[in-house]
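Student: I'd like to ask some things about the structure below.
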Amino acid sequence: MHEVTLLINIVVALVVAFIGGVIARRIGLPTIVGYLLAGIAIGPFTPGFVGDTATISQLAELGVIFLMFGVGLHFSLSDLWKVRAVAIPGALGQMLFTTLLAFGLSQLWGWTVSSGIVLGLAVSIASTVVLLRGLMDNGLLNTPHGQAAVGWLVLEDLATVLILVLMPTLANTTGTFDWQRLAFTLLKASAFILLILFVGKRLIPWILLRIAHTRSRELFILAILAITLGTALGAAELFGVSFALGAFVAGVVVSESPLSHQVGADVFPFREAFAVLFFVSIGMLVNPIYLFNNIGHVLALTALIVVGKSIITLLLGVIFPWQGRTALVVAAGLSQIGEFSFILGQAGIGLGLLDQDQYSLILAGALLSITINPMMFRLIAPAESWLQKQPALWRLLDRHRPTPPPLDESIQGHVVIVGYGRVGRHIVNLLGQMSIPHLVIDLDAERIDEINQRQIPSLFGDASNSEVLTHAGLERARALVVAGPDEAASELVVAAARDISPALPIIARATTEEGIKHLAELGAQDVIHPELEGGLEIVRHTLLKLDFPLQEIIRYMDAVRHDHYDMQVNTEEEHRLLHEMIHAMANIEVIWLRLPTGSPLAGQTLAEANLRARTGASVVAIIRNKQAMANPKSHTVFEAEDRIGFIGDKEQIEAVENLLNEEKATSS
0 MHEVTLLINI VVALVVAFIG GVIARRIGLP TIVGYLLAGI AIGPFTPGFV
50 GDTATISQLA ELGVIFLMFG VGLHFSLSDL WKVRAVAIPG ALGQMLFTTL
100 LAFGLSQLWG WTVSSGIVLG LAVSIASTVV LLRGLMDNGL LNTPHGQAAV
150 GWLVLEDLAT VLILVLMPTL ANTTGTFDWQ RLAFTLLKAS AFILLILFVG
200 KRLIPWILLR IAHTRSRELF ILAILAITLG TALGAAELFG VSFALGAFVA
250 GVVVSESPLS HQVGADVFPF REAFAVLFFV SIGMLVNPIY LFNNIGHVLA
300 LTALIVVGKS IITLLLGVIF PWQGRTALVV AAGLSQIGEF SFILGQAGIG
350 LGLLDQDQYS LILAGALLSI TINPMMFRLI APAESWLQKQ PALWRLLDRH
400 RPTPPPLDES IQGHVVIVGY GRVGRHIVNL LGQMSIPHLV IDLDAERIDE
450 INQRQIPSLF GDASNSEVLT HAGLERARAL VVAGPDEAAS ELVVAAARDI
500 SPALPIIARA TTEEGIKHLA ELGAQDVIHP ELEGGLEIVR HTLLKLDFPL
550 QEIIRYMDAV RHDHYDMQVN TEEEHRLLHE MIHAMANIEV IWLRLPTGSP
600 LAGQTLAEAN LRARTGASVV AIIRNKQAMA NPKSHTVFEA EDRIGFIGDK
650 EQIEAVENLL NEEKATSS
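Positions 0 to 667 (numbering that gives the first Met the number 0) are the ones given, in order, by the sequence shown.
Dropping the structure here:
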């Protein structure tokens, strides 16, 4: 049998990670917790199958590269600048004080100075994945408070890149600080960055555009992988800087390309898959026996991460003029550590600054803090309520303008639109013109920016994969429109919405005939298939050209939609009824005519005008001042500019038109 050690390790790691992720998600924890526990399960310190740590760790390096590439791809200096008043002093201050506290704790445990510094830096940096998930699940991502937290984290990510560049200087064993080595390290990193930014900024987007013109998806994906991995490897081999820095700079350069969104979509599966292996490899390094024997250290470090970082953030909120809710959201979101802490810890092990037991302590702090983090978000509202009841404390913390009420409490009688693509945009425009309140949910940051500029209420997040729907006020909404093109995601949204609000009218968009049935079974009252809807529109125009009555055509089209676009009439009786119904109404028409100013009919009642006797057509409705009067009484008085609805056959309708035209000519 062929040696398939690599394949076995990949398969086992992914299967165990999948099981761990499902269990974690089922009990309401971030999937990262499941991945880390999966790593512990197949690690060398637990019984059963033992994975090859070296093999999985090499694969995990790809996870680091793709994670940092994603950070660079979505890095926006303009977004960071918008929240600079919170992000810059907050991130720098929090990292400084957290590092000092963790360093002090390490000295009580008898660690070396360098290992204490690495510990402090590792626990000062929060997880991007955990923060974004928490903000999305709680409907906070597109709020000013959520944007401040994201900007704060972007600055921490940038600091991580710089720390990774400078960490080799901490490994100096001569006992004196090697300024020459530091200067040389910074010089090499600067040379690499300048080369990529000035040469790669022109070359890489040009290459991607040329490859895109080949219309080969596989070549485009290969180009992305070659650029990402090649830049990271080149940075390490030629300039002596980390894979992480190389991947980050590559992401920043690619973000300048007009194809950056497609690049992000194509890299996403690789990033997610290898990131899972990265987290599994981290879990494999955890020694549960060491952690059990040092439970006091584990709890102390976890308390520093969860409670200490939160208190530091709130104290910074007292110093700087932030909104109170902003300080609370940031404190909750950043009270954990994750992937970048692991990257720093791994770098520390590689440089001999940490040993495996010390690294296990960092991993345990990450595992516990990530597990606790959802609870921290749930504490935001009660903590805010309690602080507001302590006026002196609240005045210290909230020195900005009053915050608006949460979105889900300030909107009602609205229409919720999931997806702001081409279809969703049309719906939003129509509702806006009709002054119907509406709320948009979308996962695309640029679309959310556009929505916010239009001052339309919105929620940023994946409605199919988070708790964002619970913040859309579905219980008070008039309808839900699921307009996105992803049918699988639409099914999850419809199912969740039906659980939240059983009586809510739901209109959903389908892309396949199977999807029509599934969405209807999940609770969507009206399911629209754009392609089949186009066929129905052709049928409508065809029947109109054949002089069939519009109202009967509309009824027929609604019946087809209700029957999930099944246009077949299956029995002889159905054939006969459809034939008789259409032909019975074939000669009946409804027309709307405007009563011009100065018409002799203005001021007359229906009885005085006696239109039925004069033309044979009947008045069935009048629209006046945007109000409709159905079946007006004989004493109803006509007014100028009324829109009058007549019903009759062709000759009768023509007689009405001739009468009004004659009176118009006479009055003029």
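From the three backbone atoms N, C-alpha and C, an ideal C-beta is built for every residue, glycine too.
(1) Determine contact between the stretch 443–456 and the stretch 121–133, defined as no fewer than three beta-carbon pairs at a distance below 8 Å.
(2) Which residues does DSSP pair with phenylalanine 645 in a beta bridge?
(3) According to DSSP, which residues form a beta bridge with alanine 629?
(4) Take glycine 472 as the anchor and find which of Ala519, Val415, Pro287, Val427 has the nearest alpha-carbon.
(5) Does any residue of chain B bring its CB to less than 8 Å from the CB of glycine 337?
(6) Checking the sheet assignment: what are the DSSP bridge partners for isoleucine 336?
(7) Count the C-beta pairs between the stretch 500–520 and the stretch 429–443 that are closer than 8 Å, then say yes if the count reaches three, no if not.
(8) Could you round the C-beta distance between leucine 343 and isoleucine 64 to whole angstroms and report it? I think they count as a contact, below 8 Å.
(9) My assumption, with CB atoms under 8 Å, is that glycine 19 sits in contact with glycine 42. Please give the rounded CB distance.
(10) Identify, in the order they occur along the chain, each residue of the same chain with its Cβ nearer than 6 Å to the Cβ of aspartate 525, setting aside the five sequence neighbours on each side.
(11) Excluding five sequence neighbours on each side, which residues of the same chain lie with their C-beta closer than 6 Å to the C-beta of alanine 391?
(12) What's the C-alpha gap between valine 279 and valine 262?
(13) Beta-carbon separation of leucine 221 and leucine 284 under 8 Å?
(14) What is the residue span of the alpha helix (DSSP H) that alanine 496 lies within?
(15) Bridge partners of valine 415, per DSSP?
(16) Assuming contact is defined by CB atoms lying nearer than 8 Å, are asparagine 286 and serine 359 in contact in what I supplied?
(17) Taking buried to mean at least 16 other C-beta atoms within 10 Å of its own C-beta, is threonine 4 buried or exposed?
(18) Who are the near neighbours of proline 401 in its chain, counting only those whose CB is closer than 7 Å to its CB and skipping five residues on each side?
(19) According to DSSP, is alanine 507 part of a helix, a strand, or is it coil?
(20) With valine 526 as the anchor, note down where its beta strand (DSSP E) starts and where it stops.
(21) Nearest to tryptophan 205 by alpha carbon, out of Gly364, Leu157, Val618, Leu258?
(22) Grab me the residues of valine 82's own chain with a C-beta within less than 7 Å of its C-beta, minus the 5 sequence neighbours each way, in chain order.
(23) What span of residues does the beta strand (DSSP E) with phenylalanine 637 cover, start to end?
(24) Are the beta-carbon atoms of alanine 715 and glycine 71 separated by less than 8 Å?
(25) Here's the rule I'm using: 16 or more other beta-carbon atoms within 10 Å means buried, otherwise exposed. How should lysine 308 be labelled?
(26) Please determine, among Leu207, Ala654, Gly597, Glu638, the residue with the shortest C-alpha to C-alpha distance to alanine 612.
(27) Ignore the nearest five residues each way along the sequence and tell me which others in leucine 290's own chain have a CB closer than 7 Å to its CB.
(28) Check whether the Cβ atoms of valine 266 and glycine 62 lie closer than 8 Å to each other.
(29) Sort Ala606, Val49, Arg623 by Cα distance to leucine 594 and report the nearest one.
(30) Taking its Cβ as the centre, do 16 or more other Cβ atoms sit within 10 Å of alanine 48, making it buried, or is it exposed?
(31) I need the boundaries of the beta strand (DSSP E) containing leucine 139, first residue and last residue.
(32) Short of 8 Å in beta carbon distance, which residues of its chain neighbour phenylalanine 242, apart from the five on each side in sequence? Order them along the chain.
(33) How far does the alpha helix (DSSP H) with serine 598 in it reach, from first residue to last?
(34) Buried or exposed: aspartate 498, going by 16 or more other Cβ atoms within 10 Å of its Cβ?
(35) Quick one: residues in its chain with C-beta nearer than 8 Å to the C-beta of glycine 119, no 5 flanking neighbours on either side, listed in chain order?
(36) Are the CB atoms of phenylalanine 637 and leucine 592 within a distance shorter than 8 Å?
Tutor: Taking the definition as stated:
(1) no
(2) Ile590, Val618
(3) Ala620
(4) Val415
(5) Looking for chain B here will not work: only one protein chain is present.
(6) Isoleucine 336 is not bridged to any residue.
(7) no
(8) So it is not a contact: roughly 16 Å between Cβ atoms.
(9) That pair is no contact at about 13 Å.
(10) Ile506
(11) none
(12) 26 Å
(13) no
(14) 486–499
(15) Leu438, Leu479
(16) yes
(17) exposed
(18) Here the model assigns proline 401 a pLDDT of 46, short of 50, so the residue's position is not dependable and the matter cannot be decided.
(19) strand
(20) 525–527
(21) Leu258
(22) Gln146, Ala147, Gly150
(23) Unbroken run through phenylalanine 637: none, as it is neither H nor E.
(24) An answer regarding residue 715 cannot be provided, because it is not within the stretch 0 to 667 covered by the chain.
(25) buried
(26) Ala654
(27) Val297, Ser359, Ala363
(28) no
(29) Arg623
(30) In the sequence on display, residue 48 carries phenylalanine and not alanine. Phenylalanine 48 is exposed by the Cβ-count criterion.
(31) Run containing leucine 139: none; DSSP gives neither H nor E here.
(32) Glu60, Val63, Ile64, Met67, Ala231, Leu232, Ala234, Ala235
(33) No alpha helix (DSSP H) contains serine 598, which DSSP labels as neither H nor E.
(34) exposed
(35) Thr97, Thr98, Leu99, Leu100, Ala101, Phe102, Ser105
(36) no
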